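Single-structure report; data block below.
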Amino acid sequence: MKEKINITEYAQRITEALPKGILLNTNGDKFNSMVIGWGALGTCWSVPTFTVYVREHRYTKAQLDKTKEFTISIPLDKPVPEIVKVCGSLSGNNVDKVKEAGLTLEDAEIITTPGVKEYPITLECKVLYSQKQDLSAIPENIRKQMYPQDVDGSNPMANRDAHTAYIGQIVDAYIIR
């Protein structure tokens with residue numbers, strides 16, 4: 056069962072959960088879930104939006120580019136350690152995260168990407184716009200900290216790559232009960 060929610064009434068809960076780790080879910084070639092700690096809940100072009108940032112060489116990026124949709128899953132309480140471990144450190148290119156993290160998928164209402172029952176606050180989003188970051192436009196202190204160029208870029212978990220920002224229109228919001 057899904058209980059529809061007003062995003063505004065959950066805004067504080069969502070923004071407080073974000074830096075602790077919430078889930079960005081995609082469903083291109085297969086379902087994939089990635090822990091994110093960066094994002095933005097807001098309004099853009101007069102519609103409610105959630106913006107996610109995904110590094111260039113992540114499996115999730117290829118999925119987003121293919122489907123142009125995603126779900127955001129937020130815990131009601133604290134993040135689940137096993138989910139954070141699997142979805143935050145393993146690539147969906149090599150691992151079935153549903154099986155490894157013990158995720159229970161719940162069909163979406165409007166899009167095709169499911170939500171995750173263990174993280175029941177769910178935002179269904181359709182990508183309105185995406186843009187790769189221009190690293191030269193980022194302040195030097197942030198660029199050096201977040202995009203160090205002295206790491207091996209062939210490692211899929213390397214943090215030297217720029218992000219692409221995906222602005223997703225929130226087309227549905229609910230709690231999975």
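Under this note's numbering, think of the first position of the sequence shown as 56, with each following residue one higher.
Each residue gets a CB set at the ideal place from its N, CA and C atoms; glycine is no exception.
Note that the structure is predicted; figures quoted are calculated from it, not measured.
Residue i to residue j, Cα distance in whole Å?
i, j, result
"Ala-117", "Thr-63", "30 Å"
"Lys-123", "Asp-227", "15 Å"
"Lys-152", "Val-102", "32 Å"
"Asp-207", "Asn-214", "9 Å"
"Asn-87", "Ala-192", "31 Å"
"Lys-75", "Pro-134", "7 Å"
"Pro-194", "Arg-232", "43 Å"
"Ile-166", "Lys-181", "8 Å"
"Ser-146", "Asn-82", "14 Å"
"Tyr-108", "Ser-185", "9 Å"
"Pro-175", "Gly-97", "20 Å"
"Lys-172", "Arg-198", "36 Å"
"Glu-164", "Gln-188", "31 Å"
"Gly-143", "Ile-77", "10 Å"
"Pro-169", "Thr-126", "7 Å"
"Thr-104", "Leu-79", "14 Å"
"Ile-129", "Gln-200", "27 Å"
Please classify residue i: does DSSP put it in a helix, a strand, or coil?
i, result
"Met-201", "helix"
"Gln-45", "Only positions 56 to 232 of the chain appear in this structure, which leaves residue 45 out of reach."
"Arg-110", "strand"
"Lys-85", "coil"
"Ile-193", "coil"
"Ile-60", "coil"
"Ala-66", "helix"
"Ala-95", "strand"
"Ala-72", "helix"
"Asn-80", "strand"
"Val-206", "coil"
With 16 other CB atoms within 10 Å as the buried threshold, where does residue i fall?
i, result
"Met-56", "exposed"
"Asp-162", "exposed"
"Asp-132", "exposed"
"Asp-205", "exposed"
Measure how close the beta-carbons of residue i and residue j come, nearest whole angstrom, since I'm counting them as under 8 Å.
i, j, result
"Ile-91", "Tyr-229", "At roughly 20 Å, the Cβ-Cβ gap does not stay under 8 Å, so Ile-91 and Tyr-229 are not in contact."
"Ile-138", "Leu-158", "7 Å"
"Ile-222", "Thr-106", "5 Å"
"Gly-94", "Leu-73", "5 Å"
Check your understanding: Whole beta strand (DSSP E) runs in the stretch 114 to 175 with 3 or more residues, listed along the chain?
Key -> 124 to 129
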